[in-house]
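In this note's numbering, the protein residues as written are 42 to 1029. All residues carry an ideal CB built from backbone N, CA and C; glycine is no exception. Okay, so here's the structure we're looking at.
Take a look at the structure:
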């Protein structure tokens, strides 16, 4: 299947695959959607024809068959080697020295030219080379590495060379049923790509610059078969997988982290897609939650409402700062108020039945035989009119006057907090108007009617608003090397590893404080001389370049090219004097005792008072020491190695016992393998794990307390008791500490004390030491039939004098050289007394001054010269510097130098930015985040919005006018037109 994408003349043709979706074509018909299925490079797949630069077209495909003439103006052939064009970094490579079949014709026996065999059993090796006009290749698995006549030999079954290299699902693999692969021959370059069993040899780094015009760095994991399918886990550079040829960074389940020059994290993109920017100012999570402005504005997705729920913290919005629409949304339903209150009067011939007609607002004059009635008329704001119950206010006597009085009370049931007045009070929310009448009669007497409340109770409260989110109290947990397990919201602690304090909230640890940063680094030292070694020659090499160096085999002198002429660099020196004999090493001595009760500590050579050196079944106790001889040194305390015989008990449940097992690098060990200097060769940590064993059941068990004791000849030199207890404990193999064994104890609490439930120990043993080296007197030079052992050795020449030597050569051994006043051990290369190469296993210093040309190898902690790019030993990538991504002429840049994230449109205009604003604050600087959004029309700025932690402003152009608004909780909301204030809503 192919896909053709054209735009006038420019276009491309590539292999493709169906997505499973339907799309509408130009004819209005639904057709299957297809996308490009192509990856460039050595481990890529598919094919493609495209214009890789203006006017230049490229075809990338796996193989080409030409039946007639093929005209090639330039033929460039790339082999899989660490040469210009591409660099493969794996665990092994080599050049075949010989390749023969064994006597049974069942296996190929292959030797390589290198002195040291780097291949191991089950390595998968490849050969791809151009020989005599034919592409030669094979892809096979090594069955074993066999020692034949003292030479390490690769053994590969003949059956491995059946089948051929083809493609399965777009990726290279070995398939059967086709023609067989090539056979190995002398001179073949072979390289290891993976291992079918050992997971530590299933990775590779592939750097390429010429494949498809898309330079990239590929990092492969999980190469456990003769196929690269699914092994490209990381790519930096061009042709990102599944991105239609775009450049950038690709990582499967990876992490992107940016730091400043002090190592402080300023942005981070996590494997699940969660992103944090602006040094904690903004966060975007995969569950659609997040925040900006340092958490002042946050949001969460509500599935029921199908919308985001936004929360503002530490943001103050006054009523006058809200827009009219916001105010309307916040208002409740309109209430009903009192528009007016008035007293009415009417005459009636009855003093018991109220009149129905003749009501008026002025008091009538008294009339004999008539009764005057009174009532209060209440008019509401919605036009509703109501009346109080009418009351007869006069008898047979005449009324000279009626005076209305009013009382504004804080209670609707009684008169409180007011005074009577003849002035009608204005309505006041939460207060109640009462009325009464003072009637004066013609005989001079008066009476006062009963006070009546003429305004109703308060209306019902509106619906409560949504409660705000409760705050979380901080619970300090102390100091730890990493985040505490099973955290709860509000937990806080100080991380002793990075010197920062963190607080836990909703699944995330947030940084609270940070320790003071270190001072600025000192000035870098001057670079040393970079030379290019050309080897041993009888004549100077042709067409020399500056700093080329070679050794003349006729006179033994080394020359360097200065740019104009060959100058003498060094000359072969004389043999150095033999070093002094080393001192004898120490031995381990063990003695045994058969007594049931604990014996005294053994003395002298350990064969007195019942102690003996014969390990029999009757042995109950043992003691050991490390000394020059059996009679010197001190014996350790007796250790009981056989338990007492217990009485027969009744049948019951399975017995329960506890055991401690030791592990290094995930493998159970019984001792600590070390070099001849006592330094561990399997890592810096041993793990002790506690197990509870009952019958056939074996499970992890967590004690109440651990204790670790470092011992030297049975004497404790250091003890450690961790604060927290797990079912295992990590034990540091401290290099600077003098010890020969480690004892581990596990305890359970039995109030008030702790009871030992089990203990175990592990000792250092020498590993990877040849048999002929064990027992060597380190003070002497020993020569065997095929070996020589020496405490110190120098090979080279002295171009100076015996008193003031100028050495060029190799010096090696124990304390064989003094550098800057310090005795050093190892292997050192000197040129005119200058150390050009050093390999010091004691101080773990490995340096090389010059050019490295390697065809393969495993490199950990890769970094660029300026330290801006780093890949650590577990594959984490750290980038210090600017990150820029682009798509459809738009791009996003993350710049840690300015702590900003910027977005650019197709015209290279900055349309979005998240950054820090600096201000002077007390005696230092203060930084706060800011967001700027811009809109451009025809490359002209049309609108802009700025958001900070306290202020929001926006400006837009419409016609010839500019409109601007500004929100500040301290000032309010203001509107401008052409810089003229048009409206304002103050904050208070």
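- The way I'd put it, the stretch 159-173 doesn't touch the stretch 274-283; fewer than three beta-carbon pairs between them come closer than 8 Å.
- Judged by their CB atoms, residue 326 and residue 315 are nearer to each other than the 7 Å cut-off.
- Taking 3 residues as the shortest admissible run, the stretch 857-885 contains the following complete beta strand (DSSP E) segments, listed from N- to C-terminal end: 863-872, 875-881.
- Residue 1012 and residue 386 have their alpha carbons spaced roughly 55 Å apart.
- Using a 10 angstroms sphere on the CB of residue 849, the tally of other CB atoms reaches 16 or more, which defines it as buried.
- When C-alpha distances from residue 100 are compared across 110, 765, 454, 87, the shortest belongs to 87.
- In the three-state reduction of the DSSP assignment, residue 269 falls in the coil class, being assigned neither a helical nor a strand state.
- Inter-residue distance for residue 81 and residue 885 is about 40 Å (C-alpha atoms, whole angstroms).
- Take the alpha-carbon of residue 165 and the one of residue 246: they are about 15 Å apart.
- Assignment of residue 202 by DSSP, reduced to helix, strand and coil, places it in the helix class.
- When secondary structure is reduced to three states using DSSP, residue 130 falls in the strand class.
- Per DSSP, the unbroken beta strand (DSSP E) holding residue 667 starts and ends at 662-668.
- Residue state for residue 1027 is assigned as strand, using DSSP reduced to three classes.
- Residue pairing by DSSP places residue 384 opposite 417 in a beta bridge.
- Residue 247 has 129, 259 as its beta-bridge partners, per DSSP.
- For residue 1011, the three-state secondary structure derived from DSSP is coil.
- Beta-bridge partners of residue 59 (DSSP): 75.
- The Cβ atoms of residue 789 and residue 803 lie no closer than 7 Å to each other.
- For residue 759, the CB contacts under 7 Å within the same chain, skipping 5 residues up- and downstream, are 751, 778 in chain order.
- A straight line joining the alpha-carbon of residue 941 with that of residue 918 spans about 20 Å.
- Bounds of the beta strand (DSSP E) holding residue 705 are 697-705.
- Per DSSP, the continuous beta strand (DSSP E) segment holding residue 932 begins and ends at 931-936.
- Residues of the same chain with a CB within less than 6 Å of the CB of residue 856, apart from the 5 flanking positions on each side, are 864, 866 in chain order.
- Beta-bridge partners assigned by DSSP to residue 426: 420.
- Minimum Cα-Cα distance from residue 580 among the listed residues 474, 587, 600 corresponds to 600.
- For residue 578 and residue 871, the gap between their C-alpha atoms comes out near 20 Å.
- Straight-line measurement puts the Cα of residue 1010 at about 7 Å from the Cα of residue 991.
- DSSP places residue 515 in the coil class of the three-state scheme, outside both helix and strand.
- By the criterion of a C-beta distance shorter than 6 Å, residue 339 is surrounded in its chain by 332, 352, once the five residues flanking it on both sides are discounted.
- Contact check for residue 787 against residue 731 passes: the beta carbons are separated by less than 7 Å.
- Counting other Cβ atoms within 10 Å of its Cβ, residue 107 stays below 16 and is therefore classed as exposed.
- Here the C-alpha atom of residue 707 lies approximately 22 Å from the C-alpha atom of residue 719.
- Collapsing the DSSP output to three states places residue 240 in a helix.
- In the DSSP annotation of this structure, the continuous segment of the beta strand (DSSP E) that includes residue 318 starts and ends at 316-318.
- In the structure shown, residue 334 falls within a helical segment according to DSSP collapsed to helix, strand and coil.
- By the CB criterion at 7 Å, residue 695 and residue 736 fall inside the cutoff.
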